[in-house]
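Engineer: Residue numbers (this note's numbering): 2 to 226.
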């Protein structure tokens, strides 16, 4: 399969750099890698778009393997999927950024495999024992920890808190949860409720990411933030 493409440009991307700085200063985990869940207070605020943009920022800043995966896809993964995880993921056009497809794909043919020949895949880990036929194995790892075996940074694209509890459930397993807010649309009550939901579930609230902003933020204001 051809490498997936992520839209990236040279313009300042929302307030993602502020989120990156917050993560680095508060957790000091960027050298080891970080797992972050992205969600929103309501539907249609651009969580997937923001997750991809932050993956680009994080991969470039840390120089580490970064995986983008949807929370919905994670729910369908089994032990064998985690065993094959590096090989189930597709490289993107951005260095060190990988994506796990929303659906399982069949075994690729030789021609498709050749297209990825120029992309170095993460080495497969042998930390998890291969099961015998019919045998169930408890790896002792939760889904996020299992992904960390193959990738350094894990960015999880969650549906909005209005329609799903994905972000709340994952809150205690990741290093933090960021909430995407659509400029001029999301109500204050929804924003505050999103933060409370994450914190009440035991998650670390990292902050809000303002998306779909229709006016430029002056340079002098960025320097003050």
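C-beta atoms are modelled at their ideal positions from N, C-alpha and C, and glycine is treated no differently.
(1) Could you tell me if residue 176 is buried or exposed, where buried requires 16 or more neighbouring beta carbons within 10 angstroms of its beta carbon?
(2) Figure out for me which residue from 86, 44, 38 and 61 has the closest Cα to the Cα of residue 52.
(3) Assign residue 45 to buried or exposed, taking buried as 16 or more other Cβ atoms, counted over all protein chains shown, within 10 Å of its Cβ.
(4) Out of curiosity, what's the CA-to-CA distance linking residue 86 and residue 148?
(5) With distances taken Cα to Cα, identify the nearest neighbour of residue 67 among 195, 91 and 159.
(6) Which partner residues does residue 153 have in the DSSP bridge list?
(7) Would residue 184 be called buried (16 or more neighbouring beta carbons within 10 Å of its own) or exposed?
(8) Quick check: the Cα distance between residue 123 and residue 84, rounded to an integer number of angstroms?
(9) With which residues is residue 91 paired in a DSSP beta bridge?
(10) Looking at residue 209: is its Cβ nearer than 7 Å to the Cβ of residue 182?
(11) Can you have a look at residue 178 and say buried or exposed, based on whether 16 or more other CB atoms are within 10 angstroms of its CB?
(12) Can you check which of these residues, 173, 204, 162 and 167, is closest to residue 192 by C-alpha distance?
(13) For the stretch 36-98, which segments carrying the alpha helix (DSSP H) assignment without a break, of at least 4 residues, lie completely within its bounds, in sequence order?
(14) Below 8 Å on the Cβ atoms is my contact criterion, and I expect residue 195 with residue 180 to pass it. Report the Cβ-Cβ distance as a whole number of Å.
(15) Residues in the same chain with beta-carbon distance under 8 Å from residue 146, minus the five sequence neighbours each way, listed in chain order, please.
(16) Could you spell out the range, first to last residue, of the beta strand (DSSP E) harbouring residue 180?
(17) Between which residues of its own chain and residue 78 is the CB-CB distance below 7 Å, once the five residues before and five after are set aside?
(18) Between the beta-carbon of residue 292 and the beta-carbon of residue 103, is there less than 7 Å?
(19) Taking its Cβ as the centre, do 16 or more other Cβ atoms sit within 10 Å of residue 94, making it buried, or is it exposed?
(20) Between the C-alpha atoms of residue 204 and residue 164, what's the straight-line distance to the nearest angstrom?
(21) Whose C-beta lies closer than 6 Å to the C-beta of residue 152 among residues of the same chain, with five residues either side of it excluded?
(22) Using beta-carbon positions only, say whether residue 36 and residue 98 come within less than 7 Å of one another.
(23) Considering only their Cβ atoms, is the gap separating residue 19 from residue 58 smaller than 7 Å?
Structural biologist: Let me lay it out:
(1) With 16 or more other Cβ atoms inside 10 Å of its own Cβ, residue 176 counts as buried.
(2) Ranking 86, 44, 38 and 61 by Cα distance to residue 52 puts 38 first.
(3) Exposed is the call here.
(4) When rounded, the separation of the alpha-carbon atoms in residue 86 and residue 148 is 8 Å.
(5) Checking every option, the nearest Cα to that of residue 67 belongs to 91.
(6) Its beta-bridge partners do not exist; DSSP assigns none.
(7) Looking at its Cβ environment, which holds fewer than 16 other Cβ atoms inside 10 Å, residue 184 is exposed.
(8) Any reading at residue 123 needs caution, since the residue's pLDDT is 48, under 50, leaving its predicted position unreliable; the model's value is listed next. Their backbone Cα atoms lie some 12 Å apart in a straight line.
(9) Here residue 91 is bridged, per DSSP, to 100.
(10) In this structure, residue 209 sits near residue 182, with a CB-CB distance shorter than 7 Å.
(11) With 16 or more Cβ atoms within 10 Å of its Cβ, residue 178 is classed as buried.
(12) If we check each option's Cα against that of residue 192, 162 comes out closest.
(13) Whole alpha helix (DSSP H) segments, 4+ residues: 48-63, 72-75, 80-84 and 86-89.
(14) Contact between residue 195 and residue 180 is confirmed by a C-beta separation of about 5 Å, below the 8 Å threshold.
(15) Excluding its 5 nearest sequence neighbours in each direction, residue 146 has C-beta neighbours in its own chain below 8 Å: 174, listed in chain order.
(16) Taken as a continuous stretch (DSSP letters only), the beta strand (DSSP E) holding residue 180 covers 177-183.
(17) Excluding positions up to five away in sequence, the list reads 144.
(18) This structure cannot settle anything about residue 292, because the visible part of the chain is limited to 2 through 226.
(19) Counting Cβ neighbours within 10 Å, residue 94 comes out exposed, since fewer than 16 surround it.
(20) It is roughly 18 Å from the alpha-carbon of residue 204 to the alpha-carbon of residue 164.
(21) Excluding five sequence positions before and after residue 152, the CB atoms of its chain that fall closer than 6 Å to its own CB belong to 66 and 68, given in chain order.
(22) Between residue 36 and residue 98, the C-beta gap is not smaller than 7 Å, which leaves the two residues out of contact.
(23) Residue 58 places its beta carbon 7 Å or farther from that of residue 19.
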